[in-house]
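See below for the structure under consideration.
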Amino acid sequence: MIFDYVIAGGGSAGCALAARLAEDPSVSVCIVEAGGKGRDLFIRMPAGNGFVFGNPRLDWGYESVPQAGLDGRSIYFARGKALGGTSIVNGMIYMRGVPADYDLWRQQGLEGWGYADLLPYFKRAEGSRDRRDAFHGQSGPLKTEPAANYGTLDKAFIDAAVAAGHRPLEDFNGADRTGVARNDSTVSRGIRQSSAIAYLKAPPKNLTILTGQQIARIVIEGKRAAGVETLSGQVIRAEREVIVCQGAFGTPHLLMLSGIGPADHLQAHGITPVADLPEVGANLADHVDVSMQYASDRLDLSHAKYQRLDKAAMLMGRWLLNGSGPGGGAMFSAVLFHAFEDPALPELEVFMTPMTIEENFGNGEEETAPLLQRLGRKLLVRGRKAARPGIQIDINQERPKSLGSVRLAGADPRIHPLIDPNYFADARDLDELVRGVHVMREVMAQPEIARYHKDETGIWKDARTEAEIIHAIRQTAFTGHHPCSTARMGTDDGAVLDAELKVHGIEGLRVCDASAMPSQITGNLYATVVMMAEKAADMILGRPALPHEDPREALHA
């Protein structure tokens, strides 16, 4: 099989990139995806996350090596295994980075990657249902709308944050980020907008989609990427380029399996190096998430009520009928960004969830339940244990200084790589989160939200001194699900990619996914990864870049 472009991985970036490349009728494009078609009922249904998260058919189910900074705990990393990639299992929050994130990329020498360069691509991707200003696109494939499950506790959280001095915002993706607001979701009329659902509704004839085909290695002839080889031994050849879109874990894994990476590490696993790139798999950045839980007896206000069989049946019925009701919305509806220093670069992103769950599969065993009740146990949750009425505050640190790595565990492509996020290796990260805990305790003490809860539970209940708070952080922290930068772009000698996403030392090979991000951003990654695919398509096809836009200039004129 021979195509002009072979895309290794049909994830968040891969589906969007394939659709845009295939808009040129003169080229042939092929996606090679290890998972299925990504059209399952519980992928399409926003409340069905618990049927995807941890399901080995739909989730790669990576785990970290034990983390010294987390008292030896291993962390579960959900990564989607189907067309759409991790956009089949994410929290469906539409959140870009802040302008300063992208301007930093440009200032590092990456021409074309500043905020004004990238906003047009965000807009080209976005199809906002409600926003009509210069910051948003209305006709793009990735549909967005205000979070649907916005209820009493979400409003109370926002009111409490405002009472504590936080700024009320209308739009996190507009001119300002630091403050509190209802967030936008990648959901449209009750349907999750994975990149496969958004971009591949009607694939054109020049796009071939191969599912159930895990890639074993990139075929490299001389110093050129000539195609990919699957586990079954089938070779799919690329006349022009191979573009790797397997994410922050899968992309460095595939590059190293193919001989691209730190030469000594590859040789130790019996792999002949073809390009000695020491930083492949290095610089792993992730948002670390500290989870505080508050007890409540208000089951009527909690998402946990849908774990009751009758409520679960009602939720499913309404959604199946017309996509309406709580089944058609994500579990996150209210977000707060807090800045300690510069409002343009908030250090913390805080999610409020109107229930408490245990999301890290490494913690505890699954609670048993009657057979019929198990349906409800997986609605509107992503954890192993049962949800409880209450309020969960997840404090995500946006730009941790601790960086980790992805390394080979063996030369067999079926063996997961060794993932070490290296949480809290830099003590400054702990200091910042301790301050964040105090900020959120002030919010949760406001009467607007305090009337709905009965104070903190678990390890947080008695965590008052700095040492006790740090112990609670180490015991409750887990991934914010935003790993990136393991095959980063840059202009320095250590960078894996150049400013056009081309892999140094190998012709005809690019990377387009979160691994290519030069550094971590302030916010969720999905919108940025899709934007990168939009931009990459123009680069690959030789189209001129979209004209610069920065609506903030008009606001400040």
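So for the sequence shown, this note's numbering puts the first residue at 190; every next one is plus one.
Quick reminder that beta carbons are idealized off the backbone N, C-alpha and C, glycines included.
If you run the structure through DSSP and keep just helix, strand and coil, what is residue i?
i    : result
Q664 : helix
F613 : coil
S421 : coil
Y251 : strand
I380 : strand
S704 : helix
E631 : helix
P392 : coil
R677 : coil
R429 : strand
D651 : coil
K521 : Sequence check: residue 521 is Phe here, not Lys. Here F521 sits in coil by DSSP.
Y291 : helix
Y283 : strand
R233 : helix
Q256 : strand
K691 : strand
G625 : helix
What separation, rounded to the nearest whole angstrom, lies between the Cα atoms of residue i and residue j?
i    : j    : result
M234 : H627 : 36 Å
G379 : F540 : 21 Å
A314 : A652 : 44 Å
R413 : Q327 : 40 Å
V417 : S253 : 27 Å
G599 : G199 : 24 Å
G404 : E430 : Looking at the sequence provided, one finds Ile at residue 404 rather than Gly. If you take the alpha carbons of I404 and E430, they lie about 16 Å apart.
D618 : H660 : 14 Å
R497 : R381 : 23 Å
D585 : G269 : The amino acid occupying residue 585 in the given sequence is Asn; Asp does not appear at that position. Their backbone Cα atoms lie some 21 Å apart in a straight line.
P606 : A205 : 26 Å
R246 : M505 : 22 Å
S374 : Y251 : 26 Å
V718 : F438 : 14 Å
A207 : A391 : 12 Å
A528 : F346 : 18 Å
I758 : M720 : Because the chain is modelled from 190 through 746, residue 758 falls outside the range shown and cannot be assessed.
S594 : D609 : 5 Å
A350 : K344 : 10 Å
V287 : G459 : 43 Å
G368 : L342 : 17 Å
D620 : M629 : 15 Å
From what residue to what residue does the beta strand (DSSP E) around residue i run?
i    : result
V595 : 594 to 596
F192 : 191 to 197
L537 : 537 to 542
P585 : First, the residue type needs correcting, since residue 585 is Asn and not Pro in the sequence shown. Element bounds for N585: 579 to 586.
L331 : 331 to 335
V351 : Taken as a continuous stretch (DSSP letters only), V351 belongs to no beta strand (DSSP E), being part of the alpha helix (DSSP H) at 341 to 352.
Can you tell me where the alpha helix (DSSP H) with residue i in it begins and where it stops?
i    : result
R321 : Per DSSP, R321 belongs to no alpha helix (DSSP H) and is neither H nor E.
T440 : 436 to 446
N238 : 238 to 241
T717 : 715 to 730
I604 : First-last for I604: undefined, no H or E at that position.
E637 : 636 to 639
S201 : 201 to 210
Classify residue i as buried or exposed, calling it buried when 16 or more other Cβ atoms lie within 10 Å of its own Cβ.
i    : result
R603 : exposed
R366 : buried
V424 : exposed
K332 : buried
K312 : buried
P330 : buried
E410 : exposed
Y194 : buried
L501 : For the sequence presented, residue 501 should be read as Ala rather than Leu. The residue in question, A501, is buried, as its Cβ has 16 or more Cβ neighbours within 10 Å.
H492 : buried
L561 : Low local confidence applies: a pLDDT of 47 at L561 is under 50, so the model's placement there is unreliable, with the coordinate-based value given in what follows. Looking at its Cβ environment, which holds fewer than 16 other Cβ atoms inside 10 Å, L561 is exposed.
P451 : buried
A616 : exposed
A716 : buried
If distances are taken between C-alpha atoms only, which option among the options comes closest to residue i?
i    : options                : result
E689 : Y265, G269, L730       : L730
R487 : M721, P578, W294       : P578
G363 : L293, E723, R285       : R285
P707 : L399, E538, Y291, S594 : Y291
A474 : Y612, L259, S201, E300 : Y612
I449 : G470, P532, L735       : G470
M678 : Y194, K394, K691       : K691
E359 : P451, Y310, F324       : F324
R741 : W249, Y251, L308, D213 : L308
L597 : M445, E657, E645       : M445
Residue i CB to nearest chain C CB: under 8 Å?
i    : result
R320 : Here there is only one protein chain, and chain C is not present.
Taking 7 Å as the cut-off, is the beta-carbon of residue i closer than that to any non-hydrogen atom of the ligand NAD?
i    : result
A336 : Only the bare structure without any ligand can be found here, which leaves the ligand NAD out of the picture.
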